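Participant: Mapping of the sequence shown onto our numbering: residues 70 to 174, in sequence order.
Just so it is clear, CB atoms sit at the ideal spot from N, CA and C, and this is done for glycine as well.
What you are looking at is a predicted structure, and each value in this text was computed from that prediction instead of being measured.
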Amino acid sequence: MAIVNVSDQTFNSEVESTGTVLVDFWAPWCGPCKMIAPILEDLASEVGDSVKIAKVNVDDNPESASRFGVMSIPTLILFKDGQPVDKVVGLNSKDALKSLIAKHQ
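1. Buried or exposed: which applies to W95, given that a residue is buried once 16 or more other Cβ atoms fall within 10 Å of its Cβ?
2. By Cβ distance, which residues of its chain are closer than 8 Å to Q174, with the 5 residues on each side in sequence left out?
3. If you draw a straight line from the alpha carbon of K163 to that of Q152, how long is it in whole angstroms?
4. Less than 7 Å between C-beta atoms, sequence neighbours within five positions excluded: which residues of the same chain meet that for C102?
5. If I measure Cβ to Cβ from A134 and keep anything under 7 Å in the same chain, skipping five residues before and after, which residues do I get?
This is the structure we're talking about:
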């Protein structure tokens, strides 16, 4: 499954529904955000059938970032059936993200 870009307006329908969604809160000027992008692409190709990966640009969508207390980017929040269940901040390896997902499957 391809990575989905989510806005404040589409957050509820894309993220807060059923299933598991990993949300990347990022910005185009953020160096670590640029570094994690290809990791998320790889992850999407491996777990895309069971986990949706979504990206929220915090500059364009401050409401969603504020709502979930995003203070630093990249912040990745894992949602399960619409509820946030885990959060990691900063650049993480693909293996670390796979472990994070596996912990909540």
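Facilitator: The relevant details are as follows:
1. buried
2. T89, S119
3. 23 Å
4. W95, A96, I142, P143
5. F94, V125, V127
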